[in-house]
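Residue numbers (our numbering): 41 to 407. Backbone N, C-alpha and C define an ideal beta-carbon position, used for all residues, glycine too. Predicted, not measured: the structure shown is a model, and the values here were computed from it. Below: the structure, in structure tokens.
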């Protein structure tokens with residue numbers, strides 16, 4: 041009898057004190073009762089069945105949407121000129137990004153649809169980031185096909201990003217999508233390797249639709265006074281500045297500068313696209329930003345005389361206006377009014393970039 045009393049696990053009884061652990065206690069009790077009244081094999085079956093129930097309960101209760109944001113709250117790493125940023129802020133609700141997580145199966149499909157449904161009437165571009173999903177089944181894919189059909193009715197797009205090559209289960213997600221009729225062959229479905237590429241594509245599509253051709257000016261060549269940093273400065277001051285500016289041309293793929301290179305230059309993009317990235321070990325890199333025609337980059341080293349903190353390369357054939365700090369200091373000595381105006385514009389532009397970054401970080405914390 042003493043041995044029997046000592047075998048009683050009194051710690052398990054403490055699980056009854058809280059609702060969060062009471063159900064676990066009854067699972068243990070059910071397994072014990074099954075073992076005593078039926079058999080160990082039956083007890084194992086009861087334990088497995090209850091474990092499945094607990095798993096399904098946790099999956100259904102947990103949200104499959106980790107984060108949600110609109111194109112007005114977040115933006116891609118493609119830096120846009122002011123009027124294009126304003127167009128995205130005004131019409132950004134047409135882009136909605138959902139970062140998914142966990143198990144997409146029959147138990148969570150309805151939950152995901154409820155998250156998507158309120159945005160379908162107003163959104164044209166639904167971006168689903170799949171990087172954190174662990175599994176997906178037929179019911180989830182079938183629901184996504186229904187979402188694609190609703191978007192297609194208004195010439196919208198269902199966009200997938202960061203789809204794992206294989207899930208932990210070994211399933212080939214893209215192959216599974218194709219087998220179930222959800223592939224890139226559909227006109228209104230797009231696949232991208234990463235979230236930023238998907239968001240940038242959606243932004244480009246939105247701007248092409250809402251921004252008149254003469255206002256977008258995505259591919260045109262800018263004169264010095266038309267660069268956003270210098271716009272509004274009178275022609276006389278621009279001509280004084282031009283005396284201290286040189287021009288450089290780069291072919292697509294050509295390196296403009298690399299990390300730890302001596303700095304001291306600021307680059308104004310006359311035409312083309314420039315990608316700035318941080319090289320990492322193993323031959324990979326981290327994309328920091330992309331700049332287009334009319335924008336500028338290289339300002340940090342220009343201001344602090346330090347070495348370059350990242351690499352920059354031309355994504356397309358690119359023409360640049362270059363202002364060397366040594367030449368700019370000469371301008372400051374000869375025409376302090378012009379140099380002061382440039383510094384004022386530069387400070388304002390950097391403040392706006394920081395403000396935009398702060399707004400995006402705040403949005404990511406709130407959604």
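Per DSSP, cross-strand counterpart(s) of residue 178: Residue 178 is not bridged to any residue.
Runs of beta strand (DSSP E) wholly within the segment 310-391 (minimum 3 residues, chain order): 314-319, 325-331, 351-354 and 358-364
Environment of residue 272 [buried if 16+ CB atoms lie within 10 Å]: exposed
Alpha-carbon spacing of residue 332 relative to residue 316, whole angstroms: 11 Å
Pairwise C-alpha distance: residue 89 and residue 43: Low local confidence applies: a pLDDT of 47 at residue 43 is under 50, so the model's placement there is unreliable, and no value is given.
Residue 324, buried or exposed, once every other Cβ within 10 Å from all chains shown has been counted against 16: exposed
Top-ranked residue by Cα proximity to residue 306, from 336, 288, 328 and 321: 336
Whole-Å CB distance - residue 166 paired with residue 207, under 8 Å assumed: Not quite, the Cβ-Cβ distance comes to about 21 Å (not below 8 Å), so this is no contact.
Sequence-distant residues of the same chain with beta carbon closer than 7 Å to residue 217, five excluded per side: 181 and 223
Where the beta strand (DSSP E) through residue 304 begins and ends: Segment: none, residue 304 is in no beta strand (DSSP E) and carries neither H nor E.
Cβ-heavy atom distance, residue 209 to the ligand ADP, below 6 Å: In the structure shown, the ligand ADP is absent, as is every other ligand, since no ligand is present at all.
Residues bridged to residue 105 [DSSP beta-bridge criterion]: 140
CB-CB length for residue 143 against residue 174, believed under 8 Å: 6 Å
Beta-carbon contacts of residue 356 that lie in its chain and below 8 Å, excluding the five residues immediately before and after: 292, 312 and 313
Cutoff 6 Å; reference residue 236; Cβ partners in own chain excluding five residues on either side: 116 and 117
DSSP bridge partner residues for residue 287 (one or two, in chain order): 361
Spatially closest choice to residue 119 from 373, 367 and 329, by CA coordinates: 329
Reduced DSSP secondary structure (H/G/I, E/B, other) of residue 130: helix
Start-to-end residues for the alpha helix (DSSP H) that takes in residue 230: Where residue 230 is concerned, there is no enclosing alpha helix (DSSP H), although the beta strand (DSSP E) it sits in stretches over 229-232.
Spatially closest choice to residue 226 from 394, 298 and 195, by CA coordinates: 195
The beta strand (DSSP E) enclosing residue 217, as first and last residue numbers: From DSSP, residue 217 is part of no beta strand (DSSP E) but of the alpha helix (DSSP H) over 213-219.
Rounded C-alpha distance that separates residue 385 from residue 269: 6 Å
Nonlocal neighbours in the same chain, by C-beta distance under 6 Å from residue 400, ignoring five residues either side: 114
Limits of the unbroken alpha helix (DSSP H) element including residue 146: 146-156
Residue closest to residue 219, alpha-carbon to alpha-carbon, out of 246, 177 and 193: 177
Presumed contact (8 Å Cβ cut-off) between residue 264 and residue 342, rounded CB distance: Contact doesn't hold; Cβ gap of about 16 Å is too wide.
Bridge partner(s) assigned by DSSP for residue 173: 142
Min CB distance residue 115 to chain D below 7 Å: Looking at the structure shown, chain D is missing, and only one protein chain is on hand.
Contacting residues, own chain, Cβ-Cβ under 8 Å from residue 228 (five flanking each side not counted): 188, 191, 192, 195, 196, 197 and 198
Cα-Cα separation, residue 172 to residue 80: 38 Å
DSSP state of residue 72 mapped onto helix, strand, coil: helix
7 Å Cβ cutoff met for residue 104 and residue 138: no
Neighbourhood of residue 366 by C-beta distance below 8 Å, restricted to the same chain and skipping five residues each side: 304
Buried/exposed call for residue 383, threshold 16 Cβ in 10 Å: exposed
Cβ distance (whole Å) where residue 299 is taken to contact residue 350 below 8 Å: 6 Å
Unbroken beta strand (DSSP E) run spanning residue 273, endpoints: Residue 273 -> no beta strand (DSSP E), and no H or E assigned at all.
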